[in-house]
Amino acid sequence: MTTNGTGTHGAILADTVPEGGDSPLVELRSAGKSYGNIRALHGVDLTVRPGQVTCVLGDNGAGKSTLIKIVSGLHQHTEGEFLVDGRPVRFSTPREALDRGIATVYQDLATVPLMPVWRNFFLGSEMTKGPWPVRRLDIERMKKTADEELRNMGIVLDDLEQPIGTLSGGQRQCVAIARAVYFGARVLILDEPTAALGVKQSGVVLKYIAAARERGLGVIFITHNPHHAYMVGDHFSVLRLGTMELTASRDQVSLEELTNHMAGGTELAALKHELAQVRGVDVEELPEEKDLTAPVASPGEKTP
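Written out as structure tokens, the structure reads:
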């Protein structure tokens, strides 16, 4: 394990391109983003390959949202390089990113709750039929296509006419993933897809993340939950205060190590001593550090 020059942070375990495998779909090389005098992201390296899930973990304010905005075309990087298919790019709009096969599924999903599932599937890209100027929506074709594409992802819904708002949070996430795949996504960015879900619904979403990987997509899974990341991830990057705390492949890091980096091992050790002083006990009487880095339950989940 080495450092990237930022002191105790910045452990880089996977700093070389592995032999074999497909060429990267997306790369960030020493990328950064500044807003005026505020540096939100600095020296970030990220590689996304087809058929792999790259997990980006970090606490609130770590820089995850800024990274998403750069790759999805909302913002432009101010440092380093951003490459798609090996060529430098600088997207001006999310549409340009979509045209290159980079789709983002945000937490709010951008769905219309009272519209049917099939209508949301094609929202903004509806199929039509008939000659101009009397073209009209091809409803039957959209229903048939939506049903087929959802089934291809392993999603079976009894009634595509039901309002999408009646589906569970996990089901809505899965519909959004299937939609992105249908419209040509090669790189799928998932912004905290399990953050507001319970255990069962989170499991459903993780299942379809794995399905997207099996279909050859490169997946960027943004999350603050190391347990969820480790269940589906092939590579892991931990952000802390805008820089990379850790970059590692699955065979180079354990779940416990990943959790420790995510939680901040150094900070927890210092906190442990502070708590000992406050409580007036010996530091040995407090839980071990690995217990302090136990996974944080997602909202709606109950800790044992």
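Sequence positions in the sequence shown follow this note's numbering and run 20 to 323.
Idealized CB from N, CA, C, for every residue including glycine.
Quick check on the burial criterion: 16 or more other C-beta atoms within 10 angstroms. Buried or exposed for residue i?
i, result
"residue 63", "buried"
"residue 72", "buried"
"residue 54", "exposed"
"residue 185", "exposed"
"residue 47", "buried"
"residue 132", "exposed"
"residue 273", "exposed"
"residue 141", "buried"
"residue 106", "exposed"
"residue 19", "No answer is possible for residue 19: the residues shown for the chain start at 20 and end at 323."
"residue 122", "buried"
"residue 82", "buried"
"residue 235", "exposed"
"residue 264", "buried"
"residue 259", "buried"
"residue 150", "exposed"
"residue 138", "buried"
"residue 218", "exposed"
"residue 59", "buried"
Look up residue i in the DSSP assignment and give the residues it is bridged to.
i, result
"residue 87", "According to DSSP, which records beta bridges pairwise, residue 87 is partnered with nothing at all."
"residue 52", "60"
"residue 293", "BP columns for residue 293 are empty, so no partner."
"residue 281", "Looking at the DSSP assignment, residue 281 forms no beta bridge with any residue, so it has no partner."
"residue 156", "147"
"residue 255", "74 and 267"
"residue 140", "Its beta-bridge partners do not exist; DSSP assigns none."
In angstroms, rounded to a whole number, what distance separates the CA positions of residue i and residue j?
i, j, result
"residue 302", "residue 293", "In this predicted model, residue 302 has a pLDDT of only 49, less than 50, meaning its place in the structure is not dependable; the value taken from the coordinates is given anyway. Each residue's alpha carbon lies about 9 Å from the other."
"residue 80", "residue 165", "37 Å"
"residue 214", "residue 152", "45 Å"
"residue 197", "residue 144", "14 Å"
"residue 189", "residue 221", "6 Å"
"residue 110", "residue 120", "12 Å"
"residue 167", "residue 157", "16 Å"
"residue 104", "residue 44", "5 Å"
"residue 233", "residue 147", "31 Å"
"residue 183", "residue 212", "17 Å"
"residue 92", "residue 126", "17 Å"
"residue 192", "residue 269", "25 Å"
"residue 108", "residue 98", "13 Å"
"residue 202", "residue 279", "38 Å"
"residue 118", "residue 205", "10 Å"
In three-state terms, what does DSSP make of residue i?
i, result
"residue 302", "For residue 302, the predicted structure reports a pLDDT of 49, less than 50, and the residue's modelled location is therefore unreliable. A value from the coordinates is still provided. Here residue 302 sits in helix by DSSP."
"residue 174", "coil"
"residue 169", "helix"
"residue 134", "coil"
"residue 347", "Residue 347 is absent from the structure shown; the chain starts at 20 and stops at 323."
"residue 106", "strand"
"residue 245", "helix"
"residue 182", "strand"
"residue 111", "coil"
"residue 68", "coil"
"residue 272", "coil"
"residue 233", "helix"
"residue 214", "coil"
"residue 195", "helix"
"residue 189", "helix"
"residue 123", "strand"
"residue 262", "strand"
Can you tell me which of the options puts its alpha carbon nearest to the alpha carbon of residue i?
i, options, result
"residue 246", "111, 76 and 168", "76"
"residue 52", "41, 87, 69 and 43", "87"
"residue 231", "220, 250 and 207", "207"
"residue 256", "204, 277 and 183", "277"
"residue 175", "149, 227 and 210", "227"
"residue 271", "254, 178, 258 and 243", "254"
"residue 242", "58, 205, 101 and 281", "281"
"residue 266", "41, 95 and 67", "67"
"residue 177", "118, 135 and 102", "135"
"residue 61", "85, 74 and 42", "85"
"residue 41", "210, 237 and 251", "237"
Just checking: is the beta-carbon of residue i within a distance shorter than 8 Å of some beta-carbon in chain C?
i, result
"residue 224", "Absence of chain C from the displayed structure is noted, only one protein chain being present."
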